[in-house]
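**Q**
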Amino acid sequence: AGQRRDQAALDGALQVAGAKVHVGAFAQEGGAGGGGAAELHMRLLGRGGETLISAQTIESVREVWWDIRPHPTFGTVELRICDGLPTLYEISWAAALSQCLVEMLNGQLDRGYSLPMPKGWTIRENEWRAARYGIEAELIVDNDGRTQPLRDLVEELVDDLRPVAERLGCTEALLRTKKILEVGPSY
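Numbers given in my numbering equal positions in the sequence shown, counted from 1, plus 7.
1. Can you tell me which residues form a DSSP beta bridge with valine 84?
2. Closest to glycine 114 by C-alpha separation, out of Val171, Leu188, Thr184 and Leu157, would be which residue?
3. Look at glutamate 145 and arginine 131 and say whether their C-beta atoms are less than 9 Å apart.
4. Shortest alpha-carbon distance to arginine 139 belongs to which of Arg118, Arg153, Leu157 and Ala180?
5. Out of Arg153, Leu116, Leu108 and Asn133, point me to the one whose CA is closest to aspartate 166's CA.
6. Starting from the N-terminal side, write out each stretch of the alpha helix (DSSP H) that is 4 residues or longer and does not extend beyond the segment 76-153.
7. Could you pull out every residue in the same chain whose Cβ sits closer than 6 Å to the Cβ of lysine 126, ignoring the five residues on either side in sequence?
8. Would you please state the rounded distance, in angstroms, between the beta carbons of isoleucine 147 and proline 192? I believe it to be under 8 Å.
9. Could you round the C-beta distance between glutamate 85 and isoleucine 75 to whole angstroms and report it? I think they count as a contact, below 8 Å.
10. Given a cut-off of 9 Å on the beta-carbon distance, is the pair glutamate 163 and leucine 188 in contact?
11. What's the C-alpha gap between proline 123 and glutamate 110?
12. So proline 1 packs on tyrosine 194, CB below 8 Å; how close in whole Å?
13. Taking 9 Å as the cut-off, decide whether the C-beta atoms of serine 105 and cysteine 89 are in contact.
14. Under three-state DSSP, which class holds cysteine 177?
15. My assumption, with CB atoms under 8 Å, is that tyrosine 96 sits in contact with arginine 183. Please give the rounded CB distance.
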């Protein structure tokens, strides 16, 4: 049974991973300023990228590691925060969750919705809390300092993403998130 579950997880991960998230025409045609994905990457880095290259800290913008970044060569978005998942079961839910989230946010942006922009210190604090406490973390959810359990926030997110997962055909992989919240991650 375990071997079948691992094969099902592998199949799900490959299915979800097969649908790449593209920066699309903006990266391939250079967006508003022209120049392609490499220029887009430099514009996102700003003057800091040029400074790092001039100081020989890095040779190119490809050496800058972000949690999430556009890839300057492939026109895709890399989710670097998921690099350490130890099982195919967990990889498949992370891929499904990421794919559904990008699809949902892309649709919202197409309809003119502005994404919330939390303060930088809130993002850094929440990253630290998640790294330190894992799924037991309490995350800051507003500028008043109100917190909510990460488990509850992820559960709500999965519920919100379920219709997207059904459209994309990755519902089973997305719902693995709830099982992981219930029993905990493998590590």
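Note that the Cβ used here is the ideal one computed from N, Cα and C, for glycine as well. Being a predicted model, the structure only gives us computed values, none of them experimental.
**A** Result, derived from the coordinates:
1. As a working mapping, residue 84 is identified with position 77 in the sequence shown. Bridge partners of valine 84: Pro77.
2. In the sequence shown, residue 114 corresponds to position 107, counting from 1. Measuring from the Cα of glycine 114, the nearest candidate turns out to be Val171.
3. On the sequence shown, position 138 is the one that residue 145 refers to. On the sequence shown, position 124 is the one that residue 131 refers to. With a cutoff of 9 Å on beta-carbon distance, glutamate 145 and arginine 131 are scored as not near each other.
4. Here residue 139 refers to the residue found at position 132 when the sequence shown is read from its first residue. Of the candidates Arg118, Arg153, Leu157 and Ala180, the one whose C-alpha sits nearest the C-alpha of arginine 139 is Leu157.
5. Locating residue 166 in the sequence shown gives position 159, where the first residue counts as 1. Nearest option by C-alpha distance: Leu108.
6. 95-117 and 127-140
7. Position 119 of the sequence shown, counting from 1, holds the residue named residue 126. The answer is none, since no qualifying residue turns up.
8. Position 140 of the sequence shown, counted from the start, is the residue given in the question as residue 147. Position 185 of the sequence shown, counted from the start, is the residue given in the question as residue 192. About 22 Å; that fails the 8 Å criterion.
9. Your numbering for residue 85 matches position 78 in the sequence shown. Your numbering for residue 75 matches position 68 in the sequence shown. Right, the Cβ-Cβ distance comes to about 7 Å (below 8 Å), so this counts as a contact.
10. Position 156 of the sequence shown holds residue 163. Position 181 of the sequence shown holds residue 188. Their beta carbons are not under 9 Å apart, which means glutamate 163 does not touch leucine 188 by this criterion.
11. Position 116 of the sequence shown holds residue 123. Position 103 of the sequence shown holds residue 110. Taking the straight line joining both Cα atoms gives about 16 Å.
12. Lying before the first or after the last residue shown, residue 1 is absent from the chain, which here runs from 8 to 194.
13. Translated into the one-based positions of the sequence shown, residue 105 becomes position 98. Translated into the one-based positions of the sequence shown, residue 89 becomes position 82. Yes. Within cutoff.
14. Counting from 1 along the sequence shown, the entry for residue 177 is found at position 170. Cysteine 177 falls in the coil class under three-state DSSP.
15. Indexing the sequence shown from 1 puts residue 96 at position 89. Indexing the sequence shown from 1 puts residue 183 at position 176. 6 Å between Cβ atoms; contact.
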